[in-house]
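Here is the structure we will look at, set down as structure tokens.
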Amino acid sequence: MAMEQTNTHTDGFALDLRDDGIAVITIDIPGERMNVLKAEYMEQANALAEQLEQDRDLKGVIYISGKPGSFIAGADINMLAACRTADEVTELSRGGQRFFDRIEALPVPVVAAIDGVCLGGGLELAMACHGRVATDSNNTKLGLPEVQLGLLPGSGGTQRMPRLVGIPSALDLMLTGKQITAQRARRMGLVDDVVPASILLAAAVKRVTELEGKRRSRKPRRGLVQTLLERTPPGRKLIFDKARKTAEAKSKGNYPALPRIIECVETGAARGMKQGLELEARHFGTLAMTPEARQLMGIYFATVDMKKDHGTSADVEPRPVRRVAVLGAGLMGAGISYVTSAKAELPVRLKDVSAEGLNRGMQHIDGEITSRRKRGGLGEFEAGRQLRRVTPTLDYSGFGTVDVVIEAVFEDLDLKHTMVQDVKAHCGGHTIFASNTSSIPIIRIAEGAKRPQNVIGMHYFSPVEKMPLLEVIATEQTAPEVIATTVDLGRRQGKTVIVVKDGAGFYVNRILAPYINEAAHLLREGVAIDHIDDTLVRFGFPVGPFALLDEVGLDVSGKVAPILHEAFGDRMKPADATERLLEDGRYGKKAKKGFYRYDQRRKGGKKVDSSVYKLLDIQTEASLNPEEIIDRTVLMMVNEAARCHEEGVIRSLRDGDIGAIFGIGFPPFRGGPFRYMDARGIPEVVERLQQLEAEHGARFAPADILVTMAEEQRRFHAD
Numbered sequence: 002m003a004m005e006q007t008n009t010h011t012d013g014f015a016l017d018l019r020d021d022g023i024a025v026i027t028i029d030i031p032g033e034r035m036n037v038l039k040a041e042y043m044e045q046a047n048a049l050a051e052q053l054e055q056d057r058d059l060k061g062v063i064y065i066s067g068k069p070g071s072f073i074a075g076a077d078i079n080m081l082a083a084c085r086t087a088d089e090v091t092e093l094s095r096g097g098q099r100f101f102d103r104i105e106a107l108p109v110p111v112v113a114a115i116d117g118v119c120l121g122g123g124l125e126l127a128m129a130c131h132g133r134v135a136t137d138s139n140n141t142k143l144g145l146p147e148v149q150l151g152l153l154p155g156s157g158g159t160q161r162m163p164r165l166v167g168i169p170s171a172l173d174l175m176l177t178g179k180q181i182t183a184q185r186a187r188r189m190g191l192v193d194d195v196v197p198a199s200i201l202l203a204a205a206v207k208r209v210t211e212l213e214g215k216r217r218s219r220k221p222r223r224g225l226v227q228t229l230l231e232r233t234p235p236g237r238k239l240i241f242d243k244a245r246k247t248a249e250a251k252s253k254g255n256y257p258a259l260p261r262i263i264e265c266v267e268t269g270a271a272r273g274m275k276q277g278l279e280l281e282a283r284h285f286g287t288l289a290m291t292p293e294a295r296q297l298m299g300i301y302f303a304t305v306d307m308k309k310d311h312g313t314s315a316d317v318e319p320r321p322v323r324r325v326a327v328l329g330a331g332l333m334g335a336g337i338s339y340v341t342s343a344k345a346e347l348p349v350r351l352k353d354v355s356a357e358g359l360n361r362g363m364q365h366i367d368g369e370i371t372s373r374r375k376r377g378g379l380g381e382f383e384a385g386r387q388l389r390r391v392t393p394t395l396d397y398s399g400f401g402t403v404d405v406v407i408e409a410v411f412e413d414l415d416l417k418h419t420m421v422q423d424v425k426a427h428c429g430g431h432t433i434f435a436s437n438t439s440s441i442p443i444i445r446i447a448e449g450a451k452r453p454q455n456v457i458g459m460h461y462f463s464p465v466e467k468m469p470l471l472e473v474i475a476t477e478q479t480a481p482e483v484i485a486t487t488v489d490l491g492r493r494q495g496k497t498v499i500v501v502k503d504g505a506g507f508y509v510n511r512i513l514a515p516y517i518n519e520a521a522h523l524l525r526e527g528v529a530i531d532h533i534d535d536t537l538v539r540f541g542f543p544v545g546p547f548a549l550l551d552e553v554g555l556d557v558s559g560k561v562a563p564i565l566h567e568a569f570g571d572r573m574k575p576a577d578a579t580e581r582l583l584e585d586g587r588y589g590k591k592a593k594k595g596f597y598r599y600d601q602r603r604k605g606g607k608k609v610d611s612s613v614y615k616l617l618d619i620q621t622e623a624s625l626n627p628e629e630i631i632d633r634t635v636l637m638m639v640n641e642a643a644r645c646h647e648e649g650v651i652r653s654l655r656d657g658d659i660g661a662i663f664g665i666g667f668p669p670f671r672g673g674p675f676r677y678m679d680a681r682g683i684p685e686v687v688e689r690l691q692q693l694e695a696e697h698g699a700r701f702a703p704a705d706i707l708v709t710m711a712e713e714q715r716r717f718h719a720d
């Protein structure tokens, strides 16, 4: 029978039947900036599907979004967080699978018209369609990021993705959670066409017409070797064995979702889609209840919550920021300029004292833009726009209308005072002066300022282009609207922002220093560099403490350490290794010489420079079990985090956990320092610190707040 009505409107969906017999379903979830799949809308979605199934005159179906820049951003994570058992989550998965199966089973062509983010359940819906058309907008991104929440695609993604793009490409997308552009998706065979947003609907109608009489869109683009591998059991075994080896090497077994994704894809390839879907649903339910997934979902909720936080309790709004200036064209200054131009889309005036410095800075920015363009993430026109937004200068011309000046010069207080005076002389009275210092208290930098209320810290992490955290450091004199403005600017630059109280080391460097120091103490005791680093990577850090020192630069660390020692006494006293290494010219990776060698490519990755042991007069004969290494380093970090909370350095436990994860690489699946202490148990943490204090000295003395909490059987987080 034919539909009796041509238009159906519900809270989240609108169905319009065109004169040509094509039904256009517009998804527009009310109250949401982006479309998300919610359980309460599934009944409406299924009712629309039933209407479509009963219409004998239907020629095709198009799913499109009513929200520009957002097709569907994924499923509502609150649905999963509210579940209390694996069975509940498994049923959610099966419900999604059944709905997408209905879409795929429709006897007419179904096309997804994708503009903006198409992630998770949104991409699973699109893959259930027979064709996909996407816009060429920079905002159009496709991906299955569930692994970043400790999960796997639970509505058919593990089965449809391999069938569309091939097993290796599908595993790469699902195991990393990466998001790809529409152009790359087209090259992979994930979408059929890429068009301007203005003709998206017309292109989708055209695709429906092309698919009439067919049941499938074009086959994935596979080479002959890949085809032979995927179609034979021995070939598939090679693919899956390699995937397992790669996943284990990257995750160190800390992320249970990775082997489950591989298992689902392998089952579907060997035993068919039905069995693959059933395993997918069961694994989805089991994974949602794991501690790792719960912590990762907690991080997701925390970062979403942070986007609504101005960084101050005062009732103020951010000032408008239309122009930014950066002082210093080194790696930090160039990186800050790049994220301001490319992500915040603001014009930048980049100043340096030499033409050579400016040239290097501009080359760095150009390199970042070119790299992104080559990866297909940027068109030539937009790449040119981003580069033209940054204008170099050797003087202060053009600074009169700048709203924010960010200094990224050397860690020298006198030099920073000069910068403050220069900005006062050449900029307007409203201009915010932000220092990128990593160690000098902001109040000392503000000493020479005529308007100290406009002085603030914006501590970026290196490399700026990749590191997600920004510490905003406020003094007691900093105006609340200045805090709100810099927080807003940081978010526009693509950063996760925490606001911390002024003081030596701020938060991130303060909790990092005792961790690094203790690793150096272990080295002095004869524990091998790679044994320490490998142990802490297996614990979950992206790199070990010595590899991190090489990345940051031993000279940078050498400047921060004395400041912390002066501020906090002997518990922050650095081990005596750094000074000898610096005297030997070992500045780390930038000098191609540090704890590791960087002067030649080596199979299997970088190698420890064994001459370090001779230089430090160390015999690496000490054997120490991994648990001891973890306790001596990680407990020093979390103990200092507890002190920062007690002293009000961080505004919330949330900020403390997120700051450590995004700034240092604290293992995300452990939830951050405070959630780690909760999971381990505060009494156990205190007892172990006291044991280490008795064995190694007062630097391990537990923070007062921890002792009190252990006595009162309290936790940091109530949940």
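Each residue of the sequence shown is one higher than the one before, starting from 2 at the first, in our numbering.
Just so it is clear, CB atoms sit at the ideal spot from N, CA and C, and this is done for glycine as well.
On a predicted model such as this, the values are computed, not experimentally measured, just so you know.
Residue from the options whose Cα sits closest to the Cα of residue i
i	options	result
Gly682	Gly660, Met710, Ser94 and Ala699	Met710
Pro546	Tyr516, Gln98, Gly570 and Leu153	Tyr516
Glu567	Ser612, Asp535, Ala24 and Gly504	Gly504
Arg676	Leu278, Asn510 and Arg295	Arg295
Tyr461	Ile499, Cys130 and Ala529	Ile499
Thr438	Gly144, Asp551 and Ile564	Ile564
Straight-line gap, residue i to residue j (C-alpha atoms, nearest Å)
i	j	result
Val112	Phe717	49 Å
Leu513	Phe701	15 Å
Leu617	Leu555	15 Å
Phe14	Glu647	49 Å
Leu414	Asn640	30 Å
Ile722	Lys451	Beyond the ends of the chain as shown, which are 2 and 720, falls residue 722; an answer cannot be given.
Gly401	Arg320	17 Å
Pro668	Asn140	29 Å
Ser558	Ala520	14 Å
Asp531	Arg581	19 Å
Leu395	Gly380	30 Å
Thr634	Leu690	11 Å
Gly158	Leu145	8 Å
Met298	Thr291	11 Å
Element boundaries [alpha helix (DSSP H), containing residue i]
i	result
Leu524	Val509 to Arg525
Arg350	Per DSSP, Arg350 belongs to no alpha helix (DSSP H); it is in the beta strand (DSSP E), Val349 to Lys352.
Ala303	Pro292 to Met307
Ser66	From DSSP, Ser66 is part of no alpha helix (DSSP H) but of the beta strand (DSSP E) over Gly61 to Ser66.
Glu629	Pro627 to Glu648
Lys615	Ser612 to Leu616
Leu81	Ile78 to Ala83
Asp367	Ala356 to Lys375
Arg95	Ala87 to Ala106
Three-state secondary structure assigned by DSSP to residue i
i	result
Ala680	helix
Thr27	strand
Ser439	coil
Glu281	helix
Asp17	strand
Arg715	coil
Glu408	strand
Ile73	strand
Ala114	strand
Ala326	strand
Ile651	strand
Leu565	helix
Pro575	coil
Thr394	strand
Ile619	coil
Tyr599	coil
Arg217	Here Arg217 scores only 47 on pLDDT, less than 50, and its place in the model should not be relied on; the value that follows carries that caveat. Coil at Arg217, not helix or strand.
DSSP bridge partner residues for residue i (one or two, in chain order)
i	result
Gly144	Leu120 and Gln180
Gly458	Ser436 and Ile474
Asp194	Val134
Tyr256	For Tyr256, which the question treats as bridged, DSSP gives no partner whatsoever.
Gly589	Lys594
Leu38	Ala76
Bounding residues of the beta strand (DSSP E) (the contiguous stretch that carries residue i)
i	result
Thr1	Residue numbering for the chain in the displayed model covers 2 to 720; residue 1 lies beyond these limits and cannot be assessed.
Val500	Thr497 to Lys502
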